[in-house]
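Letter 138 of the sequence shown, counting from 1, is numbered 208 in our numbering, and no numbers are missing.
Ideal placement from N, C-alpha and C gives every residue a C-beta, glycine not left out.
Below: the structure, in structure tokens.
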Amino acid sequence: MAEYGVVIPVYNADGYLPELLGRISSLNVSNLEVLIVDDGSVKPVEIAKYGSLAIHIVRHAENAGKGAALKSGFAYFLKNQTIRAVITIDADLQHTPELIPEFIRLFEQGGGDLVIGTRKRDPKTMPLHRIASNAITTGMISRMIGQPAFDSQCGFRLYSREVLSSIQPKEQRFHLESEYLIRSGWAGFRIASVPIPTIYNGAPSAIRNLPDTLNFISLICRLSIERMRSHV
Numbered sequence: 071m072a073e074y075g076v077v078i079p080v081y082n083a084d085g086y087l088p089e090l091l092g093r094i095s096s097l098n099v100s101n102l103e104v105l106i107v108d109d110g111s112v113k114p115v116e117i118a119k120y121g122s123l124a125i126h127i128v129r130h131a132e133n134a135g136k137g138a139a140l141k142s143g144f145a146y147f148l149k150n151q152t153i154r155a156v157i158t159i160d161a162d163l164q165h166t167p168e169l170i171p172e173f174i175r176l177f178e179q180g181g182g183d184l185v186i187g188t189r190k191r192d193p194k195t196m197p198l199h200r201i202a203s204n205a206i207t208t209g210m211i212s213r214m215i216g217q218p219a220f221d222s223q224c225g226f227r228l229y230s231r232e233v234l235s236s237i238q239p240k241e242q243r244f245h246l247e248s249e250y251l252i253r254s255g256w257a258g259f260r261i262a263s264v265p266i267p268t269i270y271n272g273a274p275s276a277i278r279n280l281p282d283t284l285n286f287i288s289l290i291c292r293l294s295i296e297r298m299r300s301h302v
């Protein structure tokens with residue numbers, strides 16, 4: 071039975087999937103199950119068989135956002151009582167699937183309840199506006215939760231079953247991951263980090279600089295007010 075789930079959200083970007091799934095199937099991890107969440111792609115995602123790797127697809131009738139896709143994936147795996155943790159990885163090969171065993175190893179050693187892939191902020195590999203944005207959001211969240219947030223914008227993560235079962239986020243889109251991070255820190259869960267390479271392969275980014283900055287500020291304000299009210 072699978073002990074670890076892998077959620078791959080996909081929206082009109084399945085061109086990298088064959089390579090990604092092939093690389094995941096080559097990992098020496100026998101207790102792994104993959105779920106592709108097709109978030110309303112114009113052309114429905116189709117997959118081939120990759121050895122003995124268990125692969126399933128959940129489809130959204132229309133595009134609901136990355137957060138909604140992740141929620142669908144989490145709900146799917148929480149129905150399986152043998153699942154200990156869920157790994158999230160982007161479909162565009164900006165995350166190195168060969169590092170999945172490292173996330174699992176750290177989790178199994180008790181190193182963290184939410185493990186985040188952490189990229190080096192190097193101008194040679196990361197655009198300057200991304201460096202600034204990452205540093206600001208990560209710094210803000212770190213101060214909010216009282217422990218390092220490492221790389222708050224990275225979607226390559228491992229969420230323990232306990233985190234997914236106890237945290238009830240409200241976000242539906244990109245900032246769901248920030249909300250999970252903040253609420254997990256406030257709940258006393260341990261945040262840990264696995265170093266990962268910084269890869270930009272030319273795939274279009276889903277990040278919209280100004281709108282997403284405003285949405286992030288809105289999220290921080292909403293959660294801060296909610297927390298203050300809960301302590302009154």
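Taking all protein chains in view, the Cβ of Q223 is crowded by 16 or more other Cβ atoms within 10 Å, so the residue is classified as buried.
Rounded to whole angstroms, A155 and E172 show a C-alpha spacing of 13 Å. With a 10 Å radius around the Cβ and a threshold of 16 neighbouring Cβ atoms, K113 comes out exposed. Nearest to G255 by C-alpha distance, out of E232, E116, R189, is E232. In this structure, F220 and S263 form a Cβ contact; the two beta carbons are roughly 4 Å apart against a cut-off of 8 Å.
Taking T152 as the centre and dropping the five residues before and after it, the same chain places the C-beta of M71, A72, E73 closer than 8 Å to its C-beta, in chain order. Under the three-pair Cβ rule at 8 Å, the region 78-98 counts as touching the region 161-176. Within the region 108-179, the complete alpha helix (DSSP H) segments at least 4 residues long are 136-148, 170-178, listed from N- to C-terminus.
Taking a contact as a CB-CB distance under 8 Å, the pair R260 and I157 does not count as one, their CB atoms being some 17 Å apart. In this structure, the CA atom of A139 is about 13 Å from the CA atom of N82. The region 114-128 makes no contact with the region 183-193; the number of CB pairs closer than 8 Å stays below 3. The Cβ neighbour count for I78, taken over all protein chains shown within 10 Å, is at least 16; the residue is labelled buried. Nearest to L169 by alpha-carbon distance, out of R93, L234, I295, is R93. Spatial neighbours of L102 in its own chain (CB-CB distance under 6 Å, excluding positions within 5 residues in sequence) are listed in chain order as Y74.
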